[in-house]
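K.L.:
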Amino acid sequence: MAEIRCPMCSKPNPEGQDTCQFCQARLTPLESSSPAGYQPGDEPTPKSTSELEPILPEWLRQARQEGKDSAEEFEELQAEEKPSKPKQTDRLARLKLEGTRKDNQEDIPDWLSDLRPEISRDEQIEETFEDAASANISEDESQFPTETPVIDGKLPGWLSSLADQGEEDQGNTIKTEGSLDWLNQAEDTPPQDSDQDFLSAYSEEAFTEETDSDEIPVATELPDWLGGQKEELELEETGPEGSTFQFTEDQPVASEGESSVPDWIQGSGETQDTPAAPFSTGAQNLEDFGSIDELPDWISSPETNLEGESPVPGVEGDSPAVSAELPDWLAAMKEEPAGEMPSTSAAPFQEMDTDAAGSPGEELPDWLSFTQDENENTPAPPATKTLQEMEPPPGPPGEEIPDWMSDLPVEPEPESGTTPLPGSEQSEPVPPAFAEAEPPSSEGGSLDDIFSVDVPDWLTGIDTDKQASPENKQEAGGQPAAEDLSPVNLPSWVQAMRPVESAIPDAKAEQAATADQFLEKEGPLAGLSGVLPAAPTGFSPSGKPKVHSIKIQADEGQRSHAALLDKILETETRPEPISSDSIRYTQRVLRWVIAGVMIFVLTIGLFSNGKSTPLPAIIDRSKEDTFFEIIDSLPNQGSVLLVTDYEAAYAGELEAIAEQVLEAAMFLKNIRITLISTYPTGPALGEKLIEKAEIIDLRDETVDLDYTSGNQYVNLGYIPGGLSGIHSFTSTTNMTEAFPVTSDGLTARETIPLQAVHGISDFTAIIVLTSSSDSAQLWIEQITPVRSTTPLLIIGSAQSEPVLLPYVNSGQVSGMINGLQGSSQRYRSKFWDAYCFGLLTATLLIVIGSIWNLIQAVQDRRKYIGVEE
Amino acid sequence: MDLNFLLSGMVSFLFTMMILSYLLGDNVLFRIGIYLFVGASAGYVTTISIQQVILPRLITPLLNGQNIGINIIILLLAVLVLMKMSQQLSGLGTPVMAGLAGIGAAIAIGGALSGTLFPQIGAAIRPFDLQLPGSNLFRGMVTLAGTICTLVYFQFGAKKLPDGSTQRSQIVEILARIGQFFIAVTFGMLFAGVYATALAALSERLDSILAFLINQIIFGLFF
């Protein structure tokens, strides 16, 4: 028993196993073994079979030449008889003209058209041929009931003998319409899209039991070599039970077939008595036979027509006559090991038991003998497998195939075996038909005649025993044997007769499935399919990946800039030492220490009440002196405009300065004060200042001047608009109209301080209390043009003195005092000591800090010098 | 003891200490004191504006029928200025704001010319007039030198040397150095004035705190 070694575990498995019984790996691939072969539905490729002529053997070329000659004669005759009808001398060529299969017009082999004369010469083959034709007629009746002209009765003698044998051997009627009905029918038969070719159709028809079919369309014209036979058939057309075998020219003839059927066909008529179940599905069964693609259809048809029991006498047994007359290649076929012919049609071959007729399998080619048993016992396998599953019948081509055949280019496609050998076809390579039609019965008389022609060696090498193996293989493995067939260049007309894809419902699915499951052929995954996903459609490696240079294309300028950027980044990314917490803590402590020192010093100065520190000796006291002179020169109850443009933050300084000035003026001169401010908080600060100033602390007593709004002072409030407001206020000539209402709601003109005031120049003095030099400038600029002789006095903070001093020097400002220092010339403030202590402390701290920094700078310089050295 | 004085003294003391807490760093008390001052100032300014500006100078005259035309125009302009709060309607207030800016610039220029530029030019010349009383030539010379040197210091024009570097002339360099000295003295005086102002304010605050503690707390509670 053959073993299949697992591609994965390398362990032997019994034949027929799909998967390894050890590792469960798949043993047989799922993909098609012939991807390049012909697939169902493919368009036929036109091929010129005439190219094979040079390599034909001599006897074939001679036969072709004779056939051509006879064809020409036949055409001439037909032209005389029926000029209106197409010529039938070359019937296969006429198929092309009929246009039923336009795509294979040029593919009708010449050798096939030239065969007819050759056949006419060899009656043995012709009988078999006629048998097949008559069998085909029976089917054609059902498929093509249209009336066709009946052959005018010219049948060769061998065809008439076939009819006689048919009457004698079998009472059944086989409808025949003439010697070449099958050919005529083939001409009229439209192309079939079914899964079987016309060969199988003809074969199938031959095995049908339509004994009572009425009429069969018959080709109208017959060659000369068939004409005589037709006449004989007309004489013998009487059949049983009214069945007709007419060879009338203009109407279909229903013939029983026995009249012109040869003897070997009569044998087939006997087989029609046998259960016709295998042939009821004649299409399938016939395809199995007809799928022997090596044979031309005209050969395979009679093969199927011949039922189990060979009608040809003398075919039984070893048939030395046959073997003697068979060509070498046919004889060699006989000797072929059965295992080399895997085919789905092997099923009938397998079941064909040679015991029924002695040992026919040994004496006859297997493909000739299998039909009997199959027709009798086994149902036919599905017809869809026939063409694809066929196996090339011949054995080793190098030995049994003729030289001319071995030189033919053969593609490794399973259907290659279906390519008809030129020699076998031309020289009545009817052996398959005869083998089918002639079971290995003991009656082998006619078989010798049949095989008197030169049968190819590969036909003779077919053996039933050897064919049984592939069948078994197919049955066991479930793999169609046709997968092992090698492809070959088929003629287009053969390709056109292949089963179409639509007839094979699972073909696409199987193809898609196998396409998705790619079979690994190498490596550790060899033998497994579908393990790795196939590359997506459209993906194709574009070769080597492009090598991109990683070198930056930069010129010198760009490189220098890059280097500069690197340096910058280097300095930026360089970690800088973070000042330690001790340093920050020291600074914070130092700040607290300084603050504590200052608070302590000021507190001490406050407690001294401003009497412990002498007044400063100011070098230039002109502006202060002028200021106090003007205050002292104010008339009694004079109207004074007091501008309070300062923030509350500066109230401590300015109030300390202005309080004493106002106290003196209020107490001594009882001045009337008009408050105004460009600051929103100014009016409130002015009133607060007046409240403080009205209380005068004398040495032993406190005097309250009791300044009230509307009487001693008036608060005009806030002047909106900044500079514009100042300009509006200073430029007005009717103060009470411009400011009709005071801040406390009084009518301005009803207040005492404003009764005599109409404009800015009506005030006795203008005193500006300001902490900002800018505000003082605005007032100076706006008042100067309109103030006339009214003195402008400024009480400013210490920080505004440097900016306002030029206005004093220019005479725009009559007098000015700034800070505690300016007012202390006349009025010692209680903050004077604290102020002086604070200044002294600050000066000391600045000096100490400067010395400390100087020491540190010297130390750092020494360290730097030491490091450099 | 005056309760109002006590409460105002306590509030002022607390807020003063909260502000002084900034010596310890930024803290919650300092922020609370700042926020309260800002809020109180804003509220006070708004109140002052309504009480002392809008009501007596716009609404009251309109209600009393005084200068209605002018006051309506003023009201319309005020409403247009309020449109500046809206992004879609801010364009309506732009003309009014432009008018205010133009008027302010005109007033400022006029005041600067008549109040600062011309008087200051005269003041700079006056020291050199020996006929005038109080003339001081030295003072004038120093003032002039200081003014010129300070202006020269801000002159940054220089020649380009053959080696690519730039350098001012020697005269300009010297004058710039002198001007730099005057600038330093000026900034020193300004800093001294700022410090003197701050010191006076701190003294006043410390005096206020001490007065509250001594007069209101110690003497009030124990005596």
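Which chain is which? The protein sequence lines are A and B, in order.
Just so we're aligned: 1110 in my numbering is position 398 of the first sequence, and the numbers increase by one with no gaps anywhere.
Just so we're aligned: 131 in my numbering is position 123 of the second sequence, and the numbers increase by one with no gaps anywhere.
Positions of the beta carbon are idealized from the N, C-alpha and C atoms, including for glycine.
#1: Take the Cβ of I115(B) as the centre, count every other Cβ of all protein chains shown within 10 Å, and call the residue buried at 16 or more, exposed below.
#2: Using a 10 Å radius around the Cβ and a threshold of 16 neighbouring Cβ atoms, would you call A192(B) buried or exposed?
#3: Taking 8 Å as the CB-CB limit, is Q60(B) close to chain A?
#4: For I1507(A), which beta-bridge partners are listed by DSSP?
#5: Measuring CA to CA, which of I1431(A), I1402(A) and S1345(A) is closest to Q1424(A)?
#6: Kindly indicate if chain B contains any beta-carbon less than 8 Å away from that of S1522(A).
#7: By the three-class DSSP mapping on this structure, what secondary structure does E970(A) have?
#8: Residues in the same chain with beta-carbon distance under 6 Å from I1507(A), minus the five sequence neighbours each way, listed in chain order, please.
#9: For chain B, is any of its Cβ atoms less than 8 Å away from the one on L1435(A)?
#10: With DSSP as the reference, identify every bridge partner of Q1424(A), one or two as the case may be.
#11: Report the residues of the stretch 1522-1550 of chain A with a CB closer than 8 Å to any CB of chain B, ordered along the chain.
#12: In angstroms with no decimal places, state the Cα-to-Cα distance between F1475(A) and K167(B).
#13: What residue from A775(A), V1426(A) and G1434(A) has the CA that sits closest to S1487(A)'s CA?
#14: Between I1492(A) and chain B, is there a C-beta pair that is closer than 8 Å?
#15: Taking the alpha carbon of Q1449(A) as the reference point, which residue from L183(B), I226(B), I40(B) and P69(B) has its own alpha carbon closest?
#16: Return the CA-CA distance between P170(B) and Q1571(A), expressed in angstroms with no decimal places.
#17: If we cut at 8 Å on Cβ distances, does R1303(A) have a partner in chain B?
#18: Check the Cβ-Cβ distances between S1501(A) and every residue of chain B, and say whether any is below 8 Å.
#19: Listed in chain order, which residues of the stretch 1347-1369 of chain A have Cβ atoms closer than 7 Å to some Cβ of chain B?
#20: Starting from P1439(A), find everything on chain B with Cβ-Cβ shorter than 8 Å and list it in chain order.
#21: Quick test of the definition: if touching needs 3 or more C-beta pairs under 8 Å, does the stretch 1331-1344 of chain A touch the stretch 1490-1497 of chain A?
#22: Determine, using beta-carbon pairs with one atom in the stretch 13-33 of chain B and one in the stretch 209-222 of chain B, whether at least three such pairs fall under 8 Å.
#23: By the criterion of Cβ-Cβ separation under 8 Å, what are the contact partners of T1315(A) in chain B?
#24: If I'm right that L1516(A) touches I1478(A) with Cβ under 8 Å, what's the distance once you round it to whole angstroms?
#25: Assess, as a yes-or-no matter, whether the stretch 1524-1541 of chain A is touched by the stretch 1293-1305 of chain A under the definition of 3 or more beta carbon pairs within less than 8 Å.
#26: Where does E1341(A) sit, in a helix, a strand or coil, going by DSSP?
#27: Quick one: what's got a C-beta closer than 6 Å to N1321(A)'s C-beta in the same chain, skipping five residues either side?
#28: Please classify G1429(A): does DSSP put it in a helix, a strand, or coil?
#29: Give a yes or no on whether the C-beta atoms belonging to S122(B) and P135(B) are separated by under 8 Å.
#30: So S1443(A) and I111(B) are supposed to be a Cβ contact under 8 Å. How far apart are they, rounded?
#31: Is P726(A) helix, strand or coil by DSSP?
#32: Locate the beta strand (DSSP E) running through V1352(A), then write down its first and last residues.
#33: Taking the alpha helix (DSSP H) that L31(B) belongs to, which residues open and close that run?
#34: Got a sec: which bits of the stretch 1390-1404 of chain A sit with their beta carbon under 7 Å from any beta carbon on chain B, in order along the chain?
#35: According to DSSP, is D10(B) helix, strand or coil?
#36: If we count Cβ pairs, one from each stretch, closer than 8 Å, do we get three or more for the stretch 1267-1287 of chain A versus the stretch 171-191 of chain B?
P.N.:
Put simply:
#1: Around the beta carbon of I115(B), a 10 Å sphere encloses 16 or more other beta carbons of the protein chains shown; the residue is thus reported as buried.
#2: So A192(B) counts as exposed.
#3: Closer than 8 Å to some Cβ of chain A, the Cβ of Q60(B) qualifies, so yes.
#4: According to DSSP, I1507(A) bridges with L1481(A) and I1529(A).
#5: For the residues I1431(A), I1402(A) and S1345(A), the minimum Cα distance to Q1424(A) belongs to I1402(A).
#6: Taking a beta-carbon distance threshold of 8 Å, S1522(A) counts as an interface residue toward chain B.
#7: Legend: pLDDT at E970(A) = 42, less than 50; position of this residue unreliable, value from coordinates given subsequently. Under the three-state reduction of DSSP, E970(A) is assigned to coil, being neither helix nor strand.
#8: Scanning its chain for C-beta atoms nearer than 6 Å, with the 5 sequence neighbours on each side dropped, one finds around I1507(A) the residues I1369, A1370, L1481 and I1529, in chain order.
#9: Chain B, which has a Cβ nearer than 8 Å to the Cβ of L1435(A), makes this yes.
#10: Beta-bridge pairing links Q1424(A) to no other residue.
#11: Taking 8 Å as the Cβ-Cβ cut-off against chain B, the residues of the stretch 1522-1550 of chain A that qualify are S1522, G1523, Q1524, N1530, G1531, L1532, Q1533, K1542, F1543, A1546, Y1547 and G1550.
#12: Answer to the nearest angstrom: the Cα atoms are 58 Å apart.
#13: For the residues A775(A), V1426(A) and G1434(A), the minimum Cα distance to S1487(A) belongs to G1434(A).
#14: Taking Cβ atoms only, chain B reaches closer than 8 Å to I1492(A), which makes this a yes.
#15: It is worth fixing the name first, because residue 1449(A) is Glu in this sequence and not Gln. Cα-wise, what sits closest to E1449(A) is P69(B).
#16: Linking P170(B) to Q1571(A) through their CA atoms gives a straight-line distance of about 39 Å.
#17: Yes, because at least one Cβ of chain B sits closer than 8 Å to the Cβ of R1303(A).
#18: In the sequence as displayed, the identity of residue 1501(A) is Thr instead of Ser. Not closer than 8 Å to any Cβ of chain B, the Cβ of T1501(A) fails to qualify, so no.
#19: Listed in sequence order: A1361, Y1362, G1364, E1365 and A1368.
#20: This sequence places His at residue 1439(A); Pro is not what is there. By Cβ distance, chain B contributes I115 and G119.
#21: Because the criterion of three Cβ pairs below 8 Å is not met, the stretch 1331-1344 of chain A and the stretch 1490-1497 of chain A do not touch.
#22: They touch, by the three-pair rule.
#23: Under the 8 Å cutoff, chain B gives L214 and L218.
#24: By a beta-carbon distance limit of 8 Å, L1516(A) does not contact I1478(A). Their separation comes to about 14 Å.
#25: They do not touch, by the three-pair rule.
#26: In the structure shown, E1341(A) sits in a helix (DSSP, three-state: H, G or I).
#27: Answer for N1321(A): K1542, listed in chain order.
#28: When secondary structure is reduced to three states using DSSP, G1429(A) falls in the strand class.
#29: No. Outside cutoff.
#30: So it is not a contact: roughly 13 Å between Cβ atoms.
#31: Strand, per DSSP.
#32: Its beta strand (DSSP E) spans residues S1351 to D1357.
#33: Element bounds for L31(B): n/a, residue is neither H nor E.
#34: Close to chain B, meaning a Cβ-Cβ distance shorter than 7 Å, are the following residues of the stretch 1390-1404 of chain A: P1392 and T1393.
#35: In the structure shown, D10(B) sits in coil (DSSP, three-state: anything other than H, G, I, E or B).
#36: Segments in contact, no.
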